Structures are given as C-alpha cells and as structure tokens.
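These protein sequences, in sequence, are chains S and V.
If you read the first sequence in our numbering, its first letter stands for residue 1, the second for the next number, and so on.
If you read the second sequence in our numbering, its first letter stands for residue 529, the second for the next number, and so on.
We put the CB at the ideal spot given by N, CA and C, even for glycine.
Source: prediction; values computed, not measured.
There are 2 protein chains.
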Amino acid sequence: MSLRIPGWTQNLPLVESIHLELQAPHLNDNTGDLDRLLRKLREMGYAPVQVQPSSLSLILGRIREGSFSLTAVLGYTPCHWELIDVIPGFSPDPPLGFGVDLGTSRLAFYLMNLGTGELLDETSADNPQIPHGEDILTRILFARQEGNRIELQRLLVETFNQAMGSMTERRGLSPDRVYAVTVAGNTTMSHFLLALDPCNICKEPYIPAANRFPLFRAADLGLRIHPRALVFVFPNVGSYFGGDLTAGILAAGFHRSDEVSMLVDVGTNAEVVVGNRDWLIACAGAAGPALEGGVVERGMMAAPGAIDRVRIDPQTLDVSYHVLGEAAPAGICGSGLIDLIAEMFGAGILTIQGRINRRLDSPRICSSADGMSYVVVPARDSADGRDIAISDIDVGIFLKSKAAMFTILSVIIRKVGLSFGDLRRFYVAGTFGNYIDPAMAIRIGMIPDLPLETFEGLGNTAGRGAVMVLLDRSLMEELERVCGIITYIELNVNMELMNEFRGALFLPHTDPRLFPSVRIPERAMAGA
Amino acid sequence: MSLRIPGWTQNLPLVESIHLELQAPHLNDNTGDLDRLLRKLREMGYAPVQVQPSSLSLILGRIREGSFSLTAVLGYTPCHWELIDVIPGFSPDPPLGFGVDLGTSRLAFYLMNLGTGELLDETSADNPQIPHGEDILTRILFARQEGNRIELQRLLVETFNQAMGSMTERRGLSPDRVYAVTVAGNTTMSHFLLALDPCNICKEPYIPAANRFPLFRAADLGLRIHPRALVFVFPNVGSYFGGDLTAGILAAGFHRSDEVSMLVDVGTNAEVVVGNRDWLIACAGAAGPALEGGVVERGMMAAPGAIDRVRIDPQTLDVSYHVLGEAAPAGICGSGLIDLIAEMFGAGILTIQGRINRRLDSPRICSSADGMSYVVVPARDSADGRDIAISDIDVGIFLKSKAAMFTILSVIIRKVGLSFGDLRRFYVAGTFGNYIDPAMAIRIGMIPDLPLETFEGLGNTAGRGAVMVLLDRSLMEELERVCGIITYIELNVNMELMNEFRGALFLPHTDPRLFPSVRIPERAMAGA
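Spelled out as structure tokens, the structure:
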C-alpha cells in the first residue's frame, strides 16, 4: 500500500512510548507514585492522563519495579491520554498498531511501526461471515437474534486474531506490543464487529444503532494483543455511508483542500462524496453487482483467470485481452466488463441502445438463448471449455448498473449547484478503482467526460485511512470535523432518479452533449 | 448527620436522571440512535458524554425499547459525562447515592436521594479488617502479600455490600438505583479499598502508591449496586493526610473563606490544616491513643458505660459525671478524660507538673501500685465492681498525648507566620470533636486559648464531605484546586517538635502567657 497522502507530513502516532527517569521520592517531595508519573507527563505536555481502574494496581507495581525508571505507553483519545501500560526501565521497542479495512467480502490488515511510520507487513483474509450471507442484507437478517450477532462478532474477532497473530509471529514481534487498532468498515460491518443490532440499518428510515462509537479496548472485544490496546472504529455518516468512506475522505485529503473534488466508491453500492474543506455532500445508492463482475453470465470477481483488460479491433472486430494470474481465462471481472462494453460500442458492435448489432459479419457474433452474443474467448481457449461470451441480456444488466452509477453522480452534482466541469479531482476509491480505465468508463457514460488527468484511483482508501489515523492522531479531530460538515442525502427515496436513469441507460447517454469527447460510430446509430 | 454546610446552597448532584422524548427518526433526520440521544443531551448542555464500551449494546437496546422516550442516567466526571444507563420511558425514581466514611475502626454509610438531597438512611459498621490488625500499621504489614491485599479489599467490599443492601432493603429501594458512591478514608484505608500496595506509606519517605485515584465503577470493585455506578475515592495529600481530611476541608468550607481558620482532627494521629481559600498548610503527627480513651488503665472508646462528662467540686473534691447509654459506668472515654484532667487541675488535685497532690485530704485520693490515684467511681457503683480511678501514670500518658497535640498546633501556626489569635474559626473534626468541651481542653493546654465561640465541632467531617460531593459535583473541581494549593509538612521528622513538646507537658504549659484565661489554683503550684 502506498502511503502517499496529500498534505500529510506529520508524525503524531496514536500511541507513544516515552522513557522517563522520575526523580525518586524524598521527604521534601512526597508525591504519590502515580501522581509523580502523571506530574512528569503533564510537564511534558501529556495531560490529562487517565488510567483504567482495572490496571491501576499493576501499573503502580511496574513503577516501583524499575525504581522510577520506566517507559510509559500512552494512547491518545480526543479528550485525554490513556496510560495503557508502564514497562519497567527503558524499552527500546516502538509501539505497533494494526490498520484494518473491514470489508464485506475481504478484510485487509496493515501492521505498522508507530515509531517510524513504517509498514511492517500486510495480509488479507476472506470475511468469515460469508457463510452466513454473501450479501450484507442476508447477514443483517441473520443477525436479528442476539446469539447470531455474538456469533458474527466472534467470527470477525477470530479472523482478526489469526491475521494479527500470524503477522506478528512472522515478523518475530510480540503481540503484546500492539497498542492500537483502527478499523474502517461500512456501517453494517462496524455494527457486526461491535455486536450491535444492525436491524434498523436496512429498513426505512435506515437508522444505524450508532454512527460514532466509543473507543473500545482490545480486551472488550477479545483481541489477543495488548489487553488495553485502543480500538478505534471509524465513524459513519449514515446507514449507507460508513467508516470505510469517512476513512476514504481522509485518504483523499478532501478535508484539507480548497478545491472541489469528488470521491466515488464504485461497487454494488455506489457511494459518492463531493466537496472541499468547507462543505461535503455525500450520498449512496444501489448501482448493482454487475459493476463488480457479478450477475452477468460469465462475470467473476477479480481473481486469477479473470479477464481484466479488453481491446477490440474496429476493422476486424477481433479481440485481445489480458488475464489475471498465470491462468486460462475463466470469466470477466468488473474492469474487463467496462473495457468490453466500451470497446464493443467503439467498434460499433453495440448500438447506442445497448443491443448487439446483428447485421455485422463476424464469427464472434452469434445468436444464443439470451438474444445475440459476442464471443470474447472461444470454448477451446477457455478454462472450462465453454465460450466466454456476452449476451444482449448481460449488456442490459450491465447498462442498468452503469446508468445507476451515472445517475447518482448527476443528481449529487446538481444538488450542490455545480457541474462536473467544476471538479478539480475525481477520485475512484476501492481496489477496483485502481483497475478501471477512465477513458473506457467515460466512453460508456459511466463517469463524467472530464480530462483524463482529473481521475485518480486511490486503491484501498479504507485501509489507507485506517493507517493514517494510526500515524497521525490529529486526524481523529479532523474526522470529527469532517463528519460534522457532511450532509448525507438518502438517494433511495429520490424520485428524480428515475428520469435521470432512463437517459443514462443509453451509450453513452441520450444527451450526447454530456460526453463531447466520445465519438459515436455510425454503425452504433444504425440500430440492431 | 447535619447537612448545614457553609456557603453551600447549590443542587448539582453527581448523577442526574433526565427524561427525554427524542424526535423519532425519519428520512430527513437519519442520525443514529446513540448519536440522536447524545445530540439531544448536547443541546441540553451535557457534553461530552461517554458510554462504557461494555454497556453500549445494552444501552442501544433500551433506546428502542422505549420508542425514543427514555430516562438517561448521567454521571459527572471532571472531563466528561458518563451515560451510566438508559431506562425505557419515564422513570420517576430519582438516583440514589452512598456517601461513605471509611474509617480505620468504623465505617459509616449515608444513603442519599440525589434528586432531593435528602438523607434517606444511615448506618455504621465496624471495620471488618480489625481481625488483621487493630492498628493500621499491623494491617499494612499484613498487606505486604498480594493475596492479603485482595483479602483486605474483599472484607471491605463485603461490609459495603451488607450495609448498602440492608439499607436499600429497609427503605424498599432497588440497589440498582444506586448510581454513585463517594468514599472518604485515610490514605491507607483508600489503598485497602482499591487493593493497592500500601507498603511505602509507613516507611521513609512515606510515599503512597497514589494520592489521586481514577474513577472506579461499582463492577470494578464488586459492589452490588448498579454495575456502572461511579465510585469516587477522595484524593489524599500525603501518606498521613488522606481523603478523610480533604473531605473535612470541604465540610468545613475552608476553601471558600477569606478568613484564616484551623481544622484539627483529634485522635491517635492528629491531623491539622490551617489556611483559607488561597493557601492551606497541612500536617499530621502522632498524638497518642490516650486522647481517644485508649492506653489509660480505665480508658475506653465512647460507648454505653463510658463516662463522657466529669465535674469536680473544688471545695469537697467530690465528683459528678455523666455516663453514655443506660448503663453502669465502665470506664472513661476521650472527652471524659479531658474533663477529668481539667477538673482535677482546676480543683488543685493535679499540679502543673501533672502529679496528683498527695497532701490533699480526700477519700478519693489514695495510693496505688501506679503511684497516687483519684477515684472517680468507687467499686460499688462501677459496672465491674472495681474502682474507676486515674493514676499518676495514666495522667502522665495522657499529658504526653495532649502535649503532642498542642505541639503540632504550635509548630504549624508558627510555620505560617501567624499566631493563634489570627484564627477566625477553630474546627474540631471527627465524631469525638463534637463531644470535647473546648473550655476544658483549653484549661489543660491541649488547644489554644481562644474565645469559646471560635471553636466549632463538625462531627463526622469525612462522611459529610463524602455526602457533599454526591450532592454538588462542582466540589470535585474544588477538591482538585484544594489539593493543588495544600502544602503538606511532614512533622515526623521535625526536630523542632521536641523542644515545644517539653513545655506542653505541663498544665496548661510552662509558659502561662499562652493560656491567659486559665486560672492556676494555688494548690496546683505547690508541687506534689
């Protein structure tokens, strides 16, 4: 993961370890042991400092063990410092922390050295809740019973413990040195991690149990790191705008820029933020799983065997493609589908209505049970010995998703009284975002027709935001400020969408003035 | 207990219960449940509000249970409010709290209605640690082992639970409504309650593990009241100046007065504070158990059968006395001893050197194994059929204690560059303080020769201070300020004391100018 973060140069880690030589007590300075330590910390600018009552006796013992030479481990919270631990004498080991991207499908873990800001290791794991529901709605229904909520939490905690344990072991580090965990997840996943009832998230008026969470300690959740490690869960703005996105706003650096930018997380649910340091408008709406390679007959997740890049020769109508991993092609992932639709349209294989042009003469175009099809990989070259093709029905499904995506973007930009041309940057979040070719996405009318340099893929913004807070505690307050200025618009109930949506079902759109850079091939105008 | 507290009229209880009707969520206000509650509280001036992570899920459930009508129970801490609980709907029951005087010998409990400020009930119990040491030093030695510390804590917690349980039951109140406990104890007792290592308290340079304690929750200690009830333990100033005395300073109202006053807690250990709202000097020193009725042959604690008042006719040398309870006289308690010595001196039975005048002709004066004795109660009238008498040796022991007491007062008043005449008020703390007759104590040279209206007995100042914080949370900050301005002088190591002490061994003193109001009978000058 790249840690290139705009305007971000500070080093204010969430946890600091500080070696102190306290003056030994004598008759003219009979301050208590704890008071002596806190007084020294106050002189150094750490105040107020609190101690968890349950650790008081232990910490007091450690002060005497080192004869008033000690290393204090201090965790930051917006209203106080917390004395997480005291190590007798001088401890040279810097504190460690984990940044976690808590995704519906995948979890990513980043092990950081909080002393140097260095990324020590990273790993990822499938979300262990998938057996209780591939999609999040099924899991919410499952979580109606309290026992099931506990089970969903247990599964996550177990995966956290496995990932964290194997990473610290691999690096020869003690898990007891991990003093902080920051977790960026969508609203529901954060509820699952904390075993909160998510049942109101998915029913009107879509209310989470909590948007801002108290700071947890590792022992509260059963994490096998230092028991008093701080666990910070990113705040949500609403049911469909979670901590993964507030983390994304930090990662994009919106909150520090004068210029207006837009951040889009492309996926089944499309989440969008537009604004600058003074104002932020956010919304989320269902785009559809087709954008991620789901639903479409030969669609698949980005994994070995997935076609992720497609080019079509407009003369020969022949295709070239790139396959992920060292594997025979097995299906087409999200970025491959965008390329494919865009290239089919550019070659005149698809009409502006999104129908396969049956009048073209090519062995790749043939009729099937689902209407006409275009064969990307013939049976003999595919992993399963079946054609990898896309049908009229597939294209229709895909266009609904891209139309939903563009509709959401159009509605929000109009809501704020701007046009797309006012955007200085257009950030595409999510791992997927890094693979989308903006030129292709523009050609199909999925994203606005802006100069290509406007677009920037940010990769795993949730994970990056999580890591940023580990390394710069001042972002906690910035995050509070950001959440305070965000206006969240609930698009699910906005009737305006339907009219926008109809125009966006076309390639690139019924109003070609919206996409001046897109050349529409004559064949595409011809109709099927 | 009287709650007449100088300059104290506020009603800012430590815990408030507030009925709220939250606006139900709708599409244009999709704030999360918790955030909705905290927003409302913020509007009402309660911010920041924190929730214990372990109670988050439960509290969130309660918000929905009452359909957004709820009673929030909020506890105050100097840096935030704590959302202790949420009761669905409207709860008419005001929060309850216990103020506790955690004494070395006795524990006193005051059950308060925090809504009205009313004292609902009170009780007291022997300190259950006495079997592990009558005096505190023995208990400190016992507590060297961690297992023993846990046992000493367990004994206290059990006594707390018994007292609190029986009081709430007697009043038909649910212990779950008790949301706060304030505990004023000396430094060692507070360490015992929190199972902190007290071993450095009694060895030079006399350092407590902690003078200020974090706020505990009932569940941390195993108290069977509301598990998240706040437990506030009064801060100490030093090993020999504990939370009982900082509570006493609050009870006396020092910290709000322009005038200089002195507070004395008379007992085995004499603790003294002098000062006003701007400065406070404190010290403590060993006076001796004789002042409380200990050590002296027929001395006893104030209990049924104890002689607590004595008058002697200077003509007949005959005695009249008052006995506590409906009982035959069994011994003499502290205030009785002060009266007895003062009256013996006033009648010329005692010389200024403190010897019984053997030349007087009275059947009450006789010789015994311990030198001369004065019989207060002849054998036929006493509870055990033995004379209740006081011997030369008893008087000697007693005079050492009174001399130590006066020495401490003299040293501290000189330390602050004042004389006793500068004192506006002279507070006598402790239950014992209420029973001392100042005129008698002056006559023996135990306390300074000030106009009688200067003296005020405050009764159980530790318990009163504890109750005051329950009813006025602003005192928490005042207490912080008070602890910040107190200068503590360690008298144990002050050599100056020995010279002062020798003069004070006389009746009333070798320097009679210090006690101008005391008439010295000619007989007392005569020598034994």
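Cβ-based burial, residue i [other Cβ within 10 Å; buried from 16]
i	result
V/T844	exposed
V/G776	buried
V/S595	exposed
S/L470	buried
S/P48	exposed
V/R532	Because the pLDDT at V/R532 is just 46, under 50, the model does not fix this residue reliably, and the value given afterwards should be weighed accordingly. The residue in question, V/R532, is exposed, as its Cβ has fewer than 16 Cβ neighbours within 10 Å.
S/I18	exposed
V/K731	exposed
V/A746	buried
V/S583	buried
V/T632	buried
S/M525	exposed
V/P534	Unreliable positioning characterises V/P534 in this predicted model, as indicated by a pLDDT of 45, which lies under 50. A coordinate reading is not provided.
Residue-chain proximity (residue i, chain S), Cβ-Cβ < 8 Å
i	result
V/I735	yes
V/R667	no
V/E697	no
V/T559	yes
V/N714	no
V/E1005	no
V/A723	yes
V/P534	Annotation note: pLDDT 45 at V/P534 (below 50); position unreliable, coordinate value reported separately. No, because no Cβ of chain S sits closer than 8 Å to the Cβ of V/P534.
V/R740	yes
V/G770	no
V/D613	no
Minimum Cβ-Cβ distance from residue i to chain V less than 8 Å
i	result
S/Q129	no
S/S2	In this prediction, S/S2 scores a pLDDT of 49, lower than 50, which makes its location untrustworthy; the coordinate-derived value is nonetheless stated afterwards. No, because no Cβ of chain V sits closer than 8 Å to the Cβ of S/S2.
S/P25	yes
S/H80	yes
S/F216	yes
S/L41	no
S/G147	no
S/Y488	yes
S/S474	no
S/D35	yes
S/E21	no
Residues that DSSP places opposite residue i in a beta bridge
i	result
S/Q129	In DSSP, S/Q129 forms no bridge with anything.
S/S391	S/S373
S/W279	Per DSSP, none; premise fails for S/W279.
V/S789	V/G803, V/R953
S/R217	S/L230
Proximity below 8 Å, CB of residue i to CB of residue j
i	j	result
V/S619	V/T599	yes
S/Y488	S/C283	yes
S/E118	S/A108	no
V/V944	V/I809	yes
S/G334	S/A302	yes
S/I332	S/I388	yes
V/Y768	V/I612	no
V/L586	V/E544	no
S/I207	S/T187	no
S/V295	S/V274	no
V/A967	V/L986	no
V/L680	V/R698	no
S/P448	S/L409	yes
V/I591	V/L569	no
Integer-rounded CB distance, given that residue j should sit under 8 Å from residue i
i	j	result
S/P198	S/A143	6 Å
S/D101	S/A195	So it is not a contact: roughly 20 Å between Cβ atoms.
V/A1032	V/T935	5 Å
V/V838	V/D867	4 Å
S/G32	V/A856	Actually they are not in contact, since the Cβ atoms of S/G32 and V/A856 sit about 48 Å apart, beyond 8 Å.
V/P623	V/E593	With a Cβ gap of about 20 Å, V/P623 and V/E593 do not count as contacting.
S/V411	S/E500	6 Å
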